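Numbering (this note's numbering), first residue to last: 3 to 152.
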């Protein structure tokens with residue numbers, strides 16, 4: 003499975019969801035050898051988010067995942083945050099919609115598109131994409147898969 007094609011296809015769908023619903027809930031798309039599944043995520047803290055990814059990976063090990071993609075709204079900035087600072091607290095923050103896809107062999111592709119909403123309309127900026135991204139969140143999913151397979 004090609005993570006770039008998956009991420010770009012999901013971004014197209016995510017933009018439509020954002021336009022239709024006014025938001026995009028965090029979702030995990032898991033492509034397995036036995037079946038595919040979509041998981042709607044709920045969390046309040048980063049620890050809950052990472053914990054949820056591990057548990058989901060462990061529970062979905064039986065479908066033999068080959069690729070996973072995380073889709074969510076996020077904050078982005080033109081600068082790196084200082085130690086201890088969160089992007090949400092930065093003055094130049096901007097809303098974005100992001101998709102990161104990763105194969106079991108850790109081939110990764112991420113695409114993020116900034117957006118603004120004006121009234122009921124969403125205006126999307128230029129997509130930023132590439133394979134050189136940190137994927138700590140998805141690594142927790144894969145750790146769960148490995149533990150679930152034991």
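Backbone N, C-alpha and C fix where the C-beta goes; we use that ideal spot for every residue, glycine too.
Owing to the predicted nature of the structure, the values given are computational and were not obtained by experimental measurement.
Short check: CB of residue i to CB of residue j, under 8 Å?
{"i": "residue 147", "j": "residue 12", "result": "no"}
{"i": "residue 54", "j": "residue 77", "result": "no"}
{"i": "residue 9", "j": "residue 111", "result": "yes"}
{"i": "residue 142", "j": "residue 34", "result": "no"}
{"i": "residue 31", "j": "residue 73", "result": "yes"}
CA-CA distance, residue i and residue j?
{"i": "residue 69", "j": "residue 140", "result": "10 Å"}
{"i": "residue 63", "j": "residue 104", "result": "15 Å"}
{"i": "residue 89", "j": "residue 48", "result": "13 Å"}
{"i": "residue 129", "j": "residue 14", "result": "11 Å"}
{"i": "residue 136", "j": "residue 6", "result": "15 Å"}
{"i": "residue 16", "j": "residue 92", "result": "25 Å"}
Please return the same chain residues whose Cβ sits closer than 6 Å to the Cβ of residue i, not counting the five positions on each side in sequence.
{"i": "residue 80", "result": "94"}
{"i": "residue 66", "result": "34, 35 and 36"}
Which whole-angstrom value is the C-beta distance of residue i and residue j, which I expect to be below 8 Å?
{"i": "residue 119", "j": "residue 75", "result": "At roughly 11 Å, the Cβ-Cβ gap does not stay under 8 Å, so residue 119 and residue 75 are not in contact."}
{"i": "residue 20", "j": "residue 29", "result": "Wrong, their Cβ atoms sit about 12 Å apart, outside the cutoff."}
{"i": "residue 113", "j": "residue 131", "result": "4 Å"}
Can you list, in chain order, the residues of its chain whose CB lies under 7 Å from that of residue i, leaving out five sequence neighbours each side?
{"i": "residue 127", "result": "115, 116 and 117"}
{"i": "residue 52", "result": "139 and 142"}
Within the segment 33-92, ranges of the alpha helix (DSSP H) (whole runs, at least 4 residues): Fully contained in the segment 33-92 are the following alpha helix (DSSP H) runs of length 4 or more, in chain order: 48-61.
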